[in-house]
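Structure record follows, encoded as structure tokens.
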Amino acid sequence: MSSRVLITGGASGIGFGLARRFAERGDRVALCDSDPAAVARAAEALPGAIARQADVTDEAQMAAFLAEVEEAWGGVDVVCANAGTGGPAGRIEDLDYADWQACLDVNLGGAFLTCRWAARMMRAQGSGLILITSSTSGQWGHPYRSPYAAAKWGLVGLTKTLAMELGPVGVRVNAICPGAVEGDRMDRVVAMEAKASGRDEAEVREQYVRGVSMRTWVTVDDLADTALFLASPAASKMSGQIIAIDGHTETNAP
Ligand code: NAD
């Protein structure tokens, strides 16, 4: 049966990968993203989708996007609170408070606004799945990325709590924790961490592999496979779970 799937930060990277895979199996997809060029590309690639420019930290923009989806669909089956930014890199004594706040705002505040709407819709339906994108940085410390790690641990708390609030009405809430994902974003992160820690990029890249038991990065499709499973009847009793897709992280330490 076709599902109605909403994804934030859905115009590129992991979010777009999820949107593409849900659309390919015949689901209805709505995505928002703050990057207008990426939204235009996504709209072209996924002609049947609702693709809108909306910043997850902007309550008015999100209200307009979510109201449009509610009007179009009357309900929603899967909500992926996925939008996130890597935040600043550096030792905490060198970080600006404004950068800390901006990182928490996108990763945590954006998830709050998205989940608040999803909870209201799904409670009324008595069904649904909220899937939050945390990170292995939400399970481990992450040197030089303290705002990001704090935000991603915060999402674990949000997942556990919403699973308790919504479980009694049949709504499931889970988090996925990607390891290092092949793609543009990790290229940017590696460059930033290399600069912040005085190492070269090859060394930082090698550190991400060395800290993982399976000595691997992951792909967007690895994450989409898990999302599709969680959205399937096979996962109908899975809630409150924090699921790493990472080849088993042993450490994020340099
Ligand atoms: P990405 O940068 O490739 O894509 C993120 C998308 O979100 C972009 O299209 C961007 O424009 C959008 N976005 C950013 N800020 C936004 C905002 N305020 N409002 C709406 N959209 C916004 O990154 P990605 O790797 O696809 O990351 C997706 C999620 O996965 C994030 O929450 C990220 O923290 C998490 N994650 C990524 C990795 C990785 O290795 N790439 C690892 C662990 C967790």
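If you're matching positions, the sequence shown starts at 6 in this note's numbering and goes up one per residue. Glycine included, every Cβ here is placed at the ideal spot set by N, Cα and C. Computed from a prediction, not measured in an experiment: that's the story for all the values here.
task = Compute the Euclidean distance between the alpha carbons of residue 61 and residue 50, then round it to the nearest angstrom.
result = Here the question's residue 61 lines up with position 56 in the sequence shown. Here the question's residue 50 lines up with position 45 in the sequence shown. In this structure, the straight-line span from the alpha carbon of residue 61 to that of residue 50 is close to 22 Å.
Sequence ranges, beta strand (DSSP E) only - wholly within the region 27-109, length at least 3 = If only uninterrupted beta strand (DSSP E) runs of at least 3 residues are considered, those enclosed by the region 27-109 are 33-38, 55-58, 83-86.
task = With a threshold of 16 other CB atoms inside 10 Å of the CB of residue 226, please say whether the residue is buried or exposed.
result = Indexing the sequence shown from 1 puts residue 226 at position 221. That one is exposed.
request  = May I have the straight-line CA-CA distance separating residue 197 from residue 207, to the nearest angstrom?
outcome  = Position 192 of the sequence shown holds residue 197. Position 202 of the sequence shown holds residue 207. C-alpha of residue 197 to C-alpha of residue 207: approximately 12 Å in a straight line.
message = Tell me the DSSP secondary structure of residue 112 in three-state form.
response = For the purposes of this step, residue 112 is taken as residue 107 along the sequence shown, with counting starting at 1. DSSP places residue 112 in the helix class (H, G or I) of the three-state scheme.
Enclosing alpha helix (DSSP H) for residue 161 [first to last residue] = Numbered from 1 along the sequence shown, position 156 holds the residue referred to as residue 161. It spans 151-171 - the alpha helix (DSSP H) in which residue 161 sits, taken as one unbroken run.
message = I need the straight-line Cα distance from residue 202 to residue 241, nearest angstrom please.
response = Mapped onto the sequence shown, residue 202 falls at position 197. Mapped onto the sequence shown, residue 241 falls at position 236. In this structure, the alpha-carbon of residue 202 lies about 44 Å from that of residue 241.
task = Along the beta strand (DSSP E) that carries residue 231, what are the first and last residues, could you check?
result = On the sequence shown, residue 231 is found 226 positions in, with the first residue counted as 1. Judged by DSSP secondary structure, residue 231 falls outside any beta strand (DSSP E) and instead within the alpha helix (DSSP H) spanning 225-235.
task = Count the other C-beta atoms from every protein chain shown that fall within 10 angstroms of the C-beta of residue 320, then say buried if there are 16 or more, exposed otherwise.
result = No answer is possible for residue 320: the residues shown for the chain start at 6 and end at 259.
Presumed contact (8 Å Cβ cut-off) between residue 32 and residue 8, rounded CB distance = To locate residue 32, count along the sequence shown from 1; it is residue 27. To locate residue 8, count along the sequence shown from 1; it is residue 3. Here residue 32 really is in contact with residue 8; their C-beta atoms are around 5 Å apart, less than 8 Å.
Residue 36 vs residue 229 beta-carbon contact at 8 Å = The residue given as residue 36 occupies position 31 in the sequence shown. The residue given as residue 229 occupies position 224 in the sequence shown. No, the pair does not count as a contact, with Cβ atoms beyond the cut-off.
query = Sorted by chain position, which residues of the same chain lie with C-beta nearer than 8 Å to residue 47's C-beta, five sequence neighbours on each side aside?
reply = Looking up residue 47 in the sequence shown gives position 42. So the qualifying residues of the chain are 15, 16, 17, 21, 24, 36, 38, 54, 56.
message = If you measure between the beta carbons of residue 87 and residue 156, is that distance less than 8 Å?
response = Against the sequence shown, residue 87 aligns to sequence position 82. Against the sequence shown, residue 156 aligns to sequence position 151. Taking 8 Å as the Cβ cut-off, residue 87 and residue 156 do not qualify as a contacting pair.
task = Buried or exposed for residue 251, please, with buried defined as at least 16 other CB atoms from any protein chain shown within 10 angstroms of its CB.
result = For this step, residue 251 is matched to residue 246 along the sequence shown. Buried is the call here.
request  = Taking residue 124 as the reference, give the member of 96, 146, 83, 140 with the closest Cα.
outcome  = If you number the sequence shown from 1, residue 124 lands on position 119. Nearest option by C-alpha distance: 83.
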